[in-house]
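Below is one structure, written out as structure tokens; the observations come after it.
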Amino acid sequence: MILRSLELNHFGKFGQRTFEFRKGMNLVAGPNEAGKSTLMEAIPAALFGVRDKSRFLPWGRHGGTGVALVLEGNGRTVRIERDIQSDHVQLTERDDLYQTLYHFEGKVAPGGRSSERAEYLSQLCRLLGIAEDEVFRASLFFGQGSLEPGRRGGIPGKIKSLLSGFVEVDYDKVLASLQEDHFAITRHNPWGKDKTKDREIEKVRERLGGLEKEWFAGDETARELEGQRASIEELRASIEADREEYAKGERYLAWVRKQWQLEEKEEILRRDFNRVNRQTEKVSELKRQRQELEGALGKTGLPRQIPGDLPVLLAEAEEVRKELISLQGEAASLREKLLAHRGPPWGPPTGLSFLFLVIGGGLAWIRPGWLVSALACAGIAILLVLVAYLLQAGRKRAERGRIQGQVLVLERKREEAQARLAGLDERFELLGMSPSAVEIVKMQKNLDRSRDLSRQLSEVESALKVLEEGEELSRDREDLTRELAVLDERLEQDKPLRSAEVMPLEDLPGAEEKLRALGDSIREREERLVEISQQEGRLQGRVTDRKRIEEEGGRLREREALLAKRQRALALGYDLLSEAVEDFRKNYLDKFAQDVGRQLKGATLGRYDKIKVGDDFSLALKTKSGDWQPVDRFSCGTVDAVYFAVRIALTRHLSRDRALPLFLDDTLVNMDSSRLGETFKVLERLGREHQILFFSHEERLLKYAAQRRWNVISLEPSTAPRIPVQERSEDVGQLHLL
1414 MILRSLELNH FGKFGQRTFE FRKGMNLVAG PNEAGKSTLM EAIPAALFGV
1464 RDKSRFLPWG RHGGTGVALV LEGNGRTVRI ERDIQSDHVQ LTERDDLYQT
1514 LYHFEGKVAP GGRSSERAEY LSQLCRLLGI AEDEVFRASL FFGQGSLEPG
1564 RRGGIPGKIK SLLSGFVEVD YDKVLASLQE DHFAITRHNP WGKDKTKDRE
1614 IEKVRERLGG LEKEWFAGDE TARELEGQRA SIEELRASIE ADREEYAKGE
1664 RYLAWVRKQW QLEEKEEILR RDFNRVNRQT EKVSELKRQR QELEGALGKT
1714 GLPRQIPGDL PVLLAEAEEV RKELISLQGE AASLREKLLA HRGPPWGPPT
1764 GLSFLFLVIG GGLAWIRPGW LVSALACAGI AILLVLVAYL LQAGRKRAER
1814 GRIQGQVLVL ERKREEAQAR LAGLDERFEL LGMSPSAVEI VKMQKNLDRS
1864 RDLSRQLSEV ESALKVLEEG EELSRDREDL TRELAVLDER LEQDKPLRSA
1914 EVMPLEDLPG AEEKLRALGD SIREREERLV EISQQEGRLQ GRVTDRKRIE
1964 EEGGRLRERE ALLAKRQRAL ALGYDLLSEA VEDFRKNYLD KFAQDVGRQL
2014 KGATLGRYDK IKVGDDFSLA LKTKSGDWQP VDRFSCGTVD AVYFAVRIAL
2064 TRHLSRDRAL PLFLDDTLVN MDSSRLGETF KVLERLGREH QILFFSHEER
2114 LLKYAAQRRW NVISLEPSTA PRIPVQERSE DVGQLHLL
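Residue numbering for the sequence shown follows the working numbering, starting at 1414 and increasing by one per position.
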């Protein structure tokens, strides 16, 4: 698998840049501060994220920072894209036909513990075999200035796990788990100092000792229990005897109290019965008087409660009625006068006029010459008759007008009187009384008597209000009669039991006091009985616990045997597994040391070919004298060669079936020219299987790369143009070497 391209989006000093790489050897060249280390750090940043978000913020710009890389290999293309600030990651795997085989998208923070992060790291482990930033930097990532794998974060232990195949099974964790299970059973440590706190088996044994003490203490408790039971029986017998006497005395005193209560109740009932009888007779008499008074009051035609303005109304009604009678008399007289002054009849004047006309006509007929004179005389005579008639009719009409005016005045007075009378009638009706003249006259006559009767009726009703109602008195009388009958019957039933020896009423308090003293004595003994019974219960619990103690003891002995057996098995398993792990570690560390020695021999021109790797991943070289010396005692070039050989061997072990790319950032600065040349030869041989990305500022290395036809990427295009190189097959590279 190779790194095909790396895309930077405002990452560090870079804006938006895309870098493409090829198989084999790739050189990223540029002077100091050109961004080589930043470009190399973008690779683990894309894979694992960055804890310090401000480290790679874009220069002079605010906004998002992102990295994307594309990996190719085995007919697959994997693109991983990450937003540095939000840790939002997209991982897409496609086949050679660009069909999506797998896609992941989620938030994968460097220090997170989410399920998304676990899924993403599992995919990294499947693709690269590495799922941790520290292991990546300790193996495939050759940082600037140092080839030594980091020692922070338990890196040596992780590398050992990777080398020994402990990724799937971490035997250190298995041993720790066995030891933890062992110390969960016992605090005794067969491999060192004992633990301070007791564990399960010690607690079980301590409990067994306590149960043994409880079992022996049960015998003494049983003897104490017998004495308590004897006391309980004695108390129960005395309590039962006195309780029976107490019940008899209570019944007798209750019967005596009942007899005296019945006699007292009979006296009270008879007294109430006599009172009810007297009240009943008095109520009946008062009701009779009220009925008579109400009848007499009804005959007066007046209400019981005479309104205050009734006398005034009666007087006013009488006056109005008298006025109406007077007005009616005057009106009758005027009507008679009106009839007497009727207008003069038309008959006589008409007859006279006709007569004069006939006479005039007869004279004219007899004496035709007198026609005008006769007619003129007849007309004058008729005119005089008419004038006389009209004068008489005018006098009659004037007299009738005067009489009619008087009649109108009387009519208005009569209407006003009738209106007043109608108003008085309405007021009488509002008071609930008849407005007829007969009733009004009757009421005037009976007014004083009605007042006297109303006063007497009020006194009778006031007396009735003070007394109980008749129905209530009847019910009380019936109830008292029934209660007296029941009481007489009960007294009759108890009569044979009564004798001269019945306790007098004055002796009853003394007898009740003696009975209370007996009851207090019984209660005290009952409390004592309860206390002793509780003590017996506690003692009984101790005695009956013997069976429980035996059952619990049996269970604890079985548990102790099981725990002891398991403890021995865990100790044996821990010893065997630790020995096996130790042997296995020695074997794989020896194999790893041999592989490192072969790589070291080529890097040091055969001067050093043997190296020893300690269990803590410490390194030592064998000198010419045959002594083993720590690697930090040698020169910087030798140290770099050693760690370079370790890295190469480690990479070969990690890659196994995967051809993973290697990243080197000016890591060979401490080597001399001869060792550097041999190291480049080793890298070129390694580049046949792995993709190598070498970051350097050396111009001589740029020339060397051009001669060896490496893929060169310059970070300053104006001064160091990129040398276009096509990917070569393994055979092409071999022909070039020839």
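Don't be surprised by glycine CBs; every beta carbon is placed ideally from N, CA and C.
Because the structure is a prediction, the values reported are computed rather than measured.
Item: Given this structure, state the Cα-to-Cα distance separating Y2117 from L1537, to the nearest angstrom.; Value: 35 angstroms
Item: Do you know how far the Cα of E1902 is from the Cα of P1922?; Value: 28 angstroms
Item: Check the C-beta distance from L1540 over to V1491 and give it rounded, since I have them as a contact under 8 angstroms.; Value: 6 angstroms
Item: Between the Cα of V1943 and those of R1507, E1485 and R1642, spot the shortest distance and give me the residue it belongs to.; Value: R1642
Item: Exposed or buried, D2078, counting other C-beta atoms within 10 Å across all chains shown (16 or more means buried)?; Value: buried
Item: Quick one: what does DSSP say Y1987 is sitting in, helix, strand or coil?; Value: helix
Item: Reducing DSSP to helix, strand and coil, say where F1690 ends up.; Value: Residue identity check: residue 1690 is Asn in the sequence provided, not Phe. Residue state, collapsed to three classes: helix.
Item: Out of T1609, H2103 and E1896, which one is the CA nearest neighbour of R1683?; Value: E1896
Item: Please say whether D1500 and A1522 have beta carbons closer to each other than 7 angstroms?; Value: yes
Item: Counting only the same chain and skipping the five closest in sequence on each side, list residues whose C-beta sits under 6 angstroms from that of V1873.; Value: L1699, Q1702 and R1703
Item: Should R1748 go down as buried or exposed, given a rule of 16 or more other Cβ atoms within 10 Å for buried?; Value: exposed
Item: Check whether the Cβ atoms of D1994 and V2059 sit closer than 7 angstroms, and answer yes or no.; Value: First, the amino acid is wrong: residue 1994 is Val here, not Asp. Cβ atoms of V1994 and V2059: not closer than 7 angstroms.
Item: Identify every run of the beta strand (DSSP E) within the segment 2049-2105, keeping only runs that are complete inside it and at least 3 residues long; order them along the chain.; Value: 2075-2078
Item: Is the Cβ-Cβ distance between V2026 and L2002 less than 7 angstroms?; Value: yes
Item: Please state whether DSSP places H1516 in a helix, a strand or coil.; Value: strand
Item: My assumption, with CB atoms under 8 angstroms, is that I1945 sits in contact with S1644. Please give the rounded CB distance.; Value: 6 angstroms
Item: Excluding the 5 residues preceding and the 5 following E1971 in the sequence, name in chain order all residues of the same chain whose CB lies nearer than 8 angstroms to its CB.; Value: none
Item: Here's a check: name, in chain order, each residue in its chain whose Cβ is nearer than 6 angstroms to the Cβ of A1744, leaving out the five neighbours to either side.; Value: L1823
Item: Cβ of F1424 within 7 angstroms of Cβ of F1469?; Value: yes
Item: Compute the Euclidean distance between the alpha carbons of G1443 and E2129, then round it to the nearest angstrom.; Value: 6 angstroms
Item: Just to confirm before moving on: does the CB-CB distance between S1552 and T2064 stay below 7 angstroms?; Value: yes
Item: So what's T1451 in DSSP terms, helix, strand or just coil?; Value: helix
Item: Any idea which residues DSSP pairs T2153 with across the strands?; Value: The chain is shown from 1414 up to 2151; residue 2153 falls before or after that span and cannot be answered.
Item: Starting from T1763, trace the beta strand (DSSP E) both ways and give me its first and last residue.; Value: Note, T1763: premise wrong, no beta strand (DSSP E); alpha helix (DSSP H) at G1760 to I1779.
Item: Beta-carbon within less than 7 angstroms of P1761's beta-carbon, same chain only, minus the 5 sequence neighbours each way: which residues are those?; Value: none
Item: Determine whether the beta carbon atoms of W2153 and I1962 lie at a separation below 7 angstroms.; Value: Absent from the model: residue 2153. The displayed extent of the chain is 1414 to 2151, so no value can be given.
Item: In this structure, how does DSSP classify F1427 when only helix, strand and coil are distinguished?; Value: coil
Item: So Q1498 is in the beta strand (DSSP E); what residue range does that whole segment cover?; Value: Element bounds for Q1498: n/a, residue is neither H nor E.
Item: Please look up how many angstroms separate the CB atoms of E1529 and G1519, rounded, as I've assumed it's under 8 angstroms.; Value: 4 angstroms
Item: When burial is assigned at 16 or more other CB atoms within 10 Å of the CB, is E1454 buried or exposed?; Value: buried
Item: Three or more beta-carbon pairs under 8 angstroms between the segment 1792-1812 and the segment 1768-1780, yes or no?; Value: yes
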